[in-house]
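Read in order, the letters of the sequence shown correspond to residues 4 to 649 in this note's numbering.
The block underneath contains the structure these notes are about, expressed in C-alpha cells.
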Amino acid sequence: MSTKNEKELPFPKAVAKKIGRPAKEVNETLARYSIEPAGAAPSARPLRVVRVAFSGSKTIDEQEVPFDFEWDVDSNGVWGILAEENLVGKSSILQVILWALRGRSKSLTATVKNWIQHVDVTFRVDERYLRVTFDVEDEDPSGNIAFGSSAETAINREFDGTEEFQEIMQEFMLSGLGLEPIPASQVAAGRIIAYDDGWAAYTGAFLTDADSDAIIGEQVGNDLIQRLLQVYIGIPWVRTFFQARRHTRLLEQDSTVRRRALRGLGGKSLEDLESDLADVNAKLEDEGASNLASQQLNAAHIERDELANKLETLSTSVSDAKTTAVKCRQSRIDAEQAVNALAEETAASKFFGLLTPHSCPRCSAKIEVDKLKKEQDTNECSVCTEVLVQADPNAAAAEKLRRDERLKDAKKTERDAERFVKRLVEKQVAAREALDAVGQTLTRLAAAGTAADAGLLQSEKDRLEGMIQAVTAILEAEDDTADDLLIVRAAQNEAEERVKQASISVMAEISEEVTRLAKALGIRDVESVTLKRNAHVNVVKGGSVSKWKDLSPGEKLRLRIATVIALSRGPKSLGMGRHPGLLLIDSPGREEMQQEHLEETIAELVNLTKEYPDYQMFIAMTGVPSDLQTVDTDRIRFAEKGQFLW
4 MSTKNEKELP
14 FPKAVAKKIG
24 RPAKEVNETL
34 ARYSIEPAGA
44 APSARPLRVV
54 RVAFSGSKTI
64 DEQEVPFDFE
74 WDVDSNGVWG
84 ILAEENLVGK
94 SSILQVILWA
104 LRGRSKSLTA
114 TVKNWIQHVD
124 VTFRVDERYL
134 RVTFDVEDED
144 PSGNIAFGSS
154 AETAINREFD
164 GTEEFQEIMQ
174 EFMLSGLGLE
184 PIPASQVAAG
194 RIIAYDDGWA
204 AYTGAFLTDA
214 DSDAIIGEQV
224 GNDLIQRLLQ
234 VYIGIPWVRT
244 FFQARRHTRL
254 LEQDSTVRRR
264 ALRGLGGKSL
274 EDLESDLADV
284 NAKLEDEGAS
294 NLASQQLNAA
304 HIERDELANK
314 LETLSTSVSD
324 AKTTAVKCRQ
334 SRIDAEQAVN
344 ALAEETAASK
354 FFGLLTPHSC
364 PRCSAKIEVD
374 KLKKEQDTNE
384 CSVCTEVLVQ
394 ADPNAAAAEK
404 LRRDERLKDA
414 KKTERDAERF
424 VKRLVEKQVA
434 AREALDAVGQ
444 TLTRLAAAGT
454 AADAGLLQSE
464 KDRLEGMIQA
474 VTAILEAEDD
484 TADDLLIVRA
494 AQNEAEERVK
504 QASISVMAEI
514 SEEVTRLAKA
524 LGIRDVESVT
534 LKRNAHVNVV
544 KGGSVSKWKD
554 LSPGEKLRLR
564 IATVIALSRG
574 PKSLGMGRHP
584 GLLLIDSPGR
594 EEMQQEHLEE
604 TIAELVNLTK
614 EYPDYQMFIA
624 MTGVPSDLQT
634 VDTDRIRFAE
644 KGQFLW
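In C-alpha cells, the structure reads:
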C-alpha cells in the first residue's frame, strides 16, 4: 500500500510489488479466482414503495371478517402508520412490505399470515417498476413478479413457493440496485464452506425495530454485520477484500488438508518411500521365502478383507433397519392418535347431541317452544335452522374397527422391525469380534518372522507404490496452489490496507454524527460514540466506556436509529454511500423513549428526507397524528381507539 504522499499503484502492480512477482501473473491469478480490483463502489440507486395492498379474512370474536387494505405511497419522504392502541395492524403493514421485498416473511405472525389471502406490492427500483403479486395458501406464497420500465416491456416471472420467490427477488433486486452478493465463508463440520450472502441480508438494513440485537441488520454472531456496514457505506476496495479473504481461507484449508493427508501416509518423504520400495523389491527376488508362511498370511489377509466387507454391509443394514424402525414407530403413534381422536369425536358427538338449548348463544334470547318441538319433529336446529346430521352407528362402528385393525398391524410391524434391528446388531457385533481376531492373527504371523514371506512382501510393495502415487499427487497439487495462495493472500492484505486507509475519514465523520444524534435522541450523558469498521461500538458516557452489549434496550434502539441516519448522511456528504434510501422504522417509542426524544427522533428523520430527496421512510408507532406534526395528514394511516388499520 502506498503512503498518502506517494502515488497509489494500480492494484495488481501493488500486489506484484509486495511479493516480487510479475504483474501479468498476478492479473491471471486474480482473474482465475474472480477477485475484482474494485477501487470504487457503484453509486447508490434509489428504492421506494409505490403501492401496498393486501386482502383476506380475519377471525374476530369467532366471526369471519373480510379486509382489504390499499395504500398509494408513490412519493419519497416520511409516511406514518399510527394507532392509539397496540395490536391493530401497524407492524403488519411493514412486515407485508418486507415479505414482498425479501421473498420471505421476517416477523409476520402465523395468525396474520393465515388471514392474508392476497398481496399486491409495487416498488420503484431506480427507474424501473417491480410489482409483486401473490396468493397465500397454508402460509405458502405463489404468484408473479413483473420488472420493467412499463407494463408492456416488463419481464414477468412466476413463482410457486418461498424458495422460488426468494431466488427471483434476489435476481431482480441485486441487478436493479447495482448490488452484488457479499462473498463469505464459514466453518462447518471442520471445513471452510464458501457462500454468498444475498439480497435477504441486504434487507436487514431496511428495518429498524426493537427485536434485532445488532447495530445494523438482524443477525448477530458472524461477520455479516461488519460486511453490511462496509458495503452500505461504500468504502472502496471492500468487495475486493472480501473476495480475496474468502479464497485465501479456502486455499489455506486445502493446503492444511494436504498436509494432514501426508501425515496420514506415515509422514515419510517421497525419497524415503522410494528407498523402502527398492528394499522390498530386492527381498522379493530372494526365493528362500517360506511357502507355508505365505499361504497362512494370504489366507489371513483374504479372511480379513471378507470380514471387513461383511462388517461394512452389516453397518449399512443396521442403519437402514433403524431408520425403518423409527418410521414404523411413527406409524404406530399415528394409528394410536387416530384411534384416540375417533373416540374423542364419538364422545363429543354424543355429549353435544344430548344438549337442549334454551337460549340463543349470541344474544341470550329465549328459544321458543315451537322451535324446540320442530327440532324434534324435523331434525332442524332450533338455533341456526340447519338440519342436524344423525350419526350412523354402523358407520362409526366400522370406522372404529378399521382404525383398531390399523393400530394392531402397526404395533406388529413395529415389533418386527425392532426384532430385525436387534438381530442385525448381534451379527454386527459378532463380525467385529471376528475381524479383531483376524487382526491379532496377522500381527502374530508378522511377529513370528513371516514379513519375509513373498506374499506379504508383495502386499507391502503394493502399499508402498500406492503411497508413492498419493504423495506425488499431493505434492504436485501443493506446488500448483502455493503460488496462487501467495498471490491471493497478498491481494487480501493489499485490499485490507486500502480499505483501512479509505475508511479513516468516513468512519470518523459517521461516529461524530452518531454521537450528535444519540444526544438528540435522549442519551444525554453520552460523550462520544465510536463506530468501527468491524461494526463494534464503543460508547463513552459518564466518564466510562460501554460496549454495545452493555447498553439498555432503549439505548440500543436509539443508537440503531442514529446509526442508520448517520450511515445515510455521512457517506453521501463524502460522495459515498450505497444505501438505497428505504427505511422501515417500527415502534420507535417502544423502548423507554420519552415523548420529547421521540419528537426529536422524528424531526431528524424528516430532515434526512429533506436533505436527500430519494429517501422514503415508514414510521409505525402508537400515537395520534399530532405526534407527527411535521408529516402531512394525507401521508398518515391512523386507527382511533377501538378501530383497526385493516
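All C-beta atoms in this analysis are idealised placements derived from N, C-alpha and C, irrespective of residue type, glycine included.
These figures come from a predicted structure and were not determined experimentally.
For residue i versus residue j, is the C-beta spacing smaller than 9 Å?
| i | j | result |
| --- | --- | --- |
| GLY545 | HIS600 | no |
| ARG492 | ALA247 | yes |
| ALA338 | LYS414 | yes |
| PHE423 | ALA344 | no |
| LEU97 | ALA623 | yes |
| ARG640 | GLY80 | no |
| VAL135 | HIS121 | no |
| GLU499 | PHE244 | yes |
| ALA26 | PRO15 | yes |
| GLY237 | ALA47 | yes |
| GLY181 | PRO45 | yes |
| ARG107 | LEU585 | no |
| HIS250 | ILE471 | no |
Counting along the chain, where does the beta strand (DSSP E) carrying residue i start and finish?
| i | result |
| --- | --- |
| ASN89 | That residue, ASN89, is in no beta strand (DSSP E); it is neither H nor E in DSSP. |
| SER549 | 547 to 550 |
| THR604 | Here THR604 belongs to no beta strand (DSSP E); instead the alpha helix (DSSP H) covers 598 to 614. |
| THR636 | Element bounds for THR636: n/a, residue is neither H nor E. |
| ILE370 | Neither: ILE370 is in no beta strand (DSSP E) and is coded neither H nor E. |
| ASN541 | 540 to 544 |
| LEU648 | Segment: none, LEU648 is in no beta strand (DSSP E) and carries neither H nor E. |
| ILE526 | Unbroken run through ILE526: none, as it is neither H nor E. |
CB-CB under 6 Å to residue i, same chain, minus the five flanking residues each way: which ones, in chain order?
| i | result |
| --- | --- |
| SER320 | LEU427 |
| ILE588 | THR211 and ILE622 |
| LEU177 | TRP202 |
Return the residue from the list the options that minimises the CA-CA distance to residue i.
| i | options | result |
| --- | --- | --- |
| LYS411 | ILE185, VAL342, PHE423 and LYS369 | VAL342 |
| ASN312 | ALA437, ALA328 and ARG406 | ALA437 |
| GLU602 | GLN632, ILE507 and THR136 | GLN632 |
| VAL241 | GLU183, ARG409 and ALA217 | GLU183 |
| VAL441 | LEU177, GLN299 and LYS93 | GLN299 |
| SER153 | LYS116, PHE126, GLU88 and ASP308 | PHE126 |
| ALA56 | ASP630, ILE119 and VAL124 | VAL124 |
| ARG131 | SER108, GLU155, LYS109 and TRP118 | GLU155 |
| GLY92 | THR316, ALA494, THR112 and ILE605 | THR112 |
| GLN461 | ALA281, ASP553, GLU348 and GLU607 | ALA281 |
| GLY469 | GLU277, SER334 and ARG35 | GLU277 |
| ILE605 | ILE84, VAL29, GLY42 and ALA34 | ILE84 |
| ALA399 | GLU371, THR444, ASP439 and GLU348 | GLU348 |
Which same chain residues end up closer than 8 Å to residue i when comparing Cβ atoms and leaving out the 5 residues on each side of it in sequence?
| i | result |
| --- | --- |
| GLY164 | ASP143, PRO144 and SER145 |
| ILE219 | GLY207, ALA208, ILE228, LEU231, LEU232, TYR235, ALA538, ARG563, THR566, VAL567 and LEU570 |
| ARG405 | none |
| VAL548 | ASN541 and VAL542 |
| TRP118 | GLY59, SER60, LYS61, THR62 and PHE70 |
Could you give the DSSP three-state label for residue i: helix, strand or coil?
| i | result |
| --- | --- |
| GLN120 | strand |
| ARG418 | helix |
| PHE245 | helix |
| PRO144 | strand |
| PRO628 | helix |
| MET579 | coil |
| ARG131 | strand |
| GLY291 | Note that GLY291 scores a pLDDT of 49, beneath 50, so its modelled location is shaky; the value from the coordinates is reported in the next line. It is coil, neither helix nor strand. |
| ALA434 | helix |
| SER531 | strand |
| ASP692 | Only positions 4 to 649 of the chain appear in this structure, which leaves residue 692 out of reach. |
| PHE209 | coil |
| ALA455 | In this prediction, ALA455 scores a pLDDT of 49, lower than 50, which makes its location untrustworthy; no coordinate-derived value is stated. |
At a cut-off of 8 Å, would you count residue i as near the ligand ATP, judging by its Cβ distance to the nearest heavy atom?
| i | result |
| --- | --- |
| CYS387 | No copy of the ligand ATP appears in this structure; indeed no ligand is present at all. |
Following the continuous alpha helix (DSSP H) through residue i, name the residue where it begins and the one where it ends.
| i | result |
| --- | --- |
| THR206 | 202 to 206 |
| LYS20 | 14 to 22 |
| THR62 | Run containing THR62: none in the alpha helix (DSSP H); it sits in the beta strand (DSSP E), 50 to 63. |
| ARG160 | Looking at the DSSP string, ARG160 is not in any alpha helix (DSSP H); the run it does join, the beta strand (DSSP E), is 158 to 163. |
| GLU28 | 26 to 35 |
To which residues of the same chain is residue i closer than 7 Å at the C-beta, ignoring the five residues directly before and after it?
| i | result |
| --- | --- |
| GLU421 | ALA328 |
| ALA103 | VAL122, VAL124 and VAL135 |
| ARG581 | ALA44, ALA47, VAL234, TYR235 and GLY237 |
| GLU290 | Residue placement at GLU290 is flagged as unreliable, the pLDDT there being 45, under the threshold of 50; a coordinate-derived value is accordingly withheld. |
| LYS730 | The chain is shown from 4 up to 649; residue 730 falls before or after that span and cannot be answered. |
| GLY224 | In this prediction, GLY224 scores a pLDDT of 46, lower than 50, which makes its location untrustworthy; the coordinate-derived value is nonetheless stated afterwards. For GLY224, where only same-chain residues beyond five positions count, there are no Cβ hits under 7 Å. |
| GLU558 | ILE526 |
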